[in-house]
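Visitor: This is the structure, below, for whatever I ask next.
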């Protein structure tokens, strides 16, 4: 008989009233506990993600009828079977994807195509992110930033929900037309609305957009509605690298699961991006990519895992 794992639901690192030495601000609001660090002139807030149980993967009706090509059919197979996952320890997760301002402060360079300080950094590989993490951790003792595992990422994205989006279900009216995404995500149907940079992706030929626009690209973080744990841009804007590789789903209950982590393993990307079809921007969507790949739709967000 399987026993339920111990989950410490009460403890968090600020419960004692003693914030860590690296914290530049901390407190609690309607979304829970937060703490922030400052590097140079850039401050990044982290949200406390409580431990808990969630259903990982998608419901059958969420993806039924959407796959039209063999590649897409394989994509949706990756989300099944839906299964129970326990995250037994809480952790910190950045409230937004890493911005270009923070990347540039640490790395003294900016590889992004769509350059703007408050937009997410992109065109960074998983390997590049490891270098970033090593450098910022060396500069701020005790900060110990990492990437979240895929399971931690989905737990944080869902924030207690079990629907296609953390805001509720999704109705897909066209490849790039899902009105439920508009309030919470920059995706291929709305990322050109009010677009102002000189650098852009030509979206004039994109079919079935929610809002027709000739220019699209990433957008400033934090402009769309957050989930109930105070996290912005978990869906859309940029795909986010995770620490581990693609795990093959089974029906078995998983406790703090981790996918492949050997040096040659592809790494998971989650959340969808500014250029994607609507069905890619769901809490369950996932794919793997070589750790050396750099794309203008891929970025990351930092985590800090409880010891």
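In UniProt numbering, the protein residues as written are 1 to 307.
Ideal placement from N, C-alpha and C gives every residue a C-beta, glycine not left out.
What you are looking at is a predicted structure, and each value in this text was computed from that prediction instead of being measured.
#1: Would you call the stretch 243-261 and the stretch 211-222 in contact, with 3 or more CB pairs under 8 Å?
#2: Provide the residue span of the beta strand (DSSP E) that contains residue 136, from first to last.
#3: Please state if the CB of residue 298 and the CB of residue 130 are separated by a distance shorter than 9 Å.
#4: Determine, using beta carbons only, whether residue 257 and residue 161 come nearer to each other than 9 Å.
#5: Run through the DSSP bridge pairs and tell me what residue 209 is partnered with.
#6: Would you grab the beta carbon distance between residue 308 and residue 87 for me? Rounded to a whole angstrom, and I think it's under 8 Å.
#7: Using the C-alpha atoms, what's the distance from residue 180 back to residue 262?
#8: Kindly list the residues whose CB is nearer than 8 Å to the CB of residue 294, restricted to its own chain and excluding five residues on each side of it in sequence; keep chain order.
#9: For residue 121, count the other beta carbons within 10 Å of its own beta carbon; 16 or more makes it buried, fewer makes it exposed. Which is it?
#10: So, helix, strand or coil for residue 231, using DSSP?
#11: Distance check for residue 185 and residue 165, CA to CA, integer angstroms please.
#12: Name, in chain order, the residues that DSSP records as bridge partners for residue 171.
#13: List, from N- to C-terminal side, the alpha helix (DSSP H) runs of 4 residues or more that fit wholly inside the stretch 31-99.
#14: Could you work out which residue in 54, 81, 291 is closest to residue 264 when comparing CA atoms only?
#15: Could you compute how far the alpha carbon of residue 74 sits from the alpha carbon of residue 30?
#16: Leaving aside the five residues before and after residue 25 along the sequence, list all residues of the same chain whose C-beta is less than 6 Å from its C-beta, in chain order.
#17: Express the C-alpha separation of residue 206 and residue 279 in angstroms, rounding to a whole number.
#18: What is the DSSP secondary structure of residue 145, counted as helix, strand or coil?
#19: Bridge partners for residue 270 per DSSP, in chain order?
#20: What three-state label does DSSP hand residue 305 in the structure shown?
#21: Note down, in chain order, each residue of its chain lying with its Cβ closer than 7 Å to the Cβ of residue 32, except the 5 sequence neighbours on either side.
#22: Could you tell me the distance, in whole angstroms, from the CA atom of residue 97 to the CA atom of residue 302?
#23: Whole angstroms are fine: how far does the CA of residue 283 sit from the CA of residue 213?
#24: Can you name the start and end residues of the alpha helix (DSSP H) that residue 152 belongs to?
#25: Helix, strand or coil for residue 165? Go by DSSP, reduced to three states.
#26: Taking residue 29 as part of the beta strand (DSSP E), name the residues at either end of that continuous run.
#27: Determine the closest residue to residue 204 out of 107, 176, 227, with distance taken between C-alpha atoms.
#28: Using DSSP with H/G/I as helix, E/B as strand and the rest coil, what is residue 278?
#29: Is the CB-CB distance between residue 250 and residue 83 below 9 Å?
#30: Helix, strand or coil, according to DSSP, for residue 105 in the structure here?
#31: Assuming residue 323 contacts residue 136 (C-beta within less than 8 Å), just tell me the rounded distance between them.
#32: From the DSSP output, read off the bridge partner residues of residue 202.
Guide: Put simply:
#1: no
#2: Unbroken run through residue 136 is the alpha helix (DSSP H), 126-139; no beta strand (DSSP E).
#3: no
#4: no
#5: 176
#6: No information on residue 308 is available, as it lies outside the stretch 1 to 307 that the chain covers here.
#7: Rounded to the nearest whole angstrom, the C-alpha separation of residue 262 and residue 180 is 38 Å.
#8: 111, 123, 124, 125, 128
#9: Residue 121 comes out buried.
#10: The answer is coil: DSSP assigns residue 231 none of H, G, I, E or B.
#11: 10 Å
#12: Paired residues: none, contrary to the question.
#13: Within the stretch 31-99, the complete alpha helix (DSSP H) runs of at least 4 residues are 60-63, 70-77.
#14: Selected option, being the one with the closest Cα: 291.
#15: 40 Å
#16: 36
#17: C-alpha separation (whole angstroms): 15 Å.
#18: DSSP places residue 145 in coil when its eight states are reduced to three.
#19: 240, 286
#20: Assigned with DSSP and collapsed to three states, residue 305 falls in strand.
#21: 47, 48, 229, 230
#22: Spanning the two alpha carbons is a distance of roughly 7 Å.
#23: 26 Å
#24: It spans 150-158 - the alpha helix (DSSP H) in which residue 152 sits, taken as one unbroken run.
#25: strand
#26: 25-29
#27: 176
#28: helix
#29: yes
#30: helix
#31: This structure cannot speak to residue 323, because the chain is shown only from 1 to 307.
#32: 215
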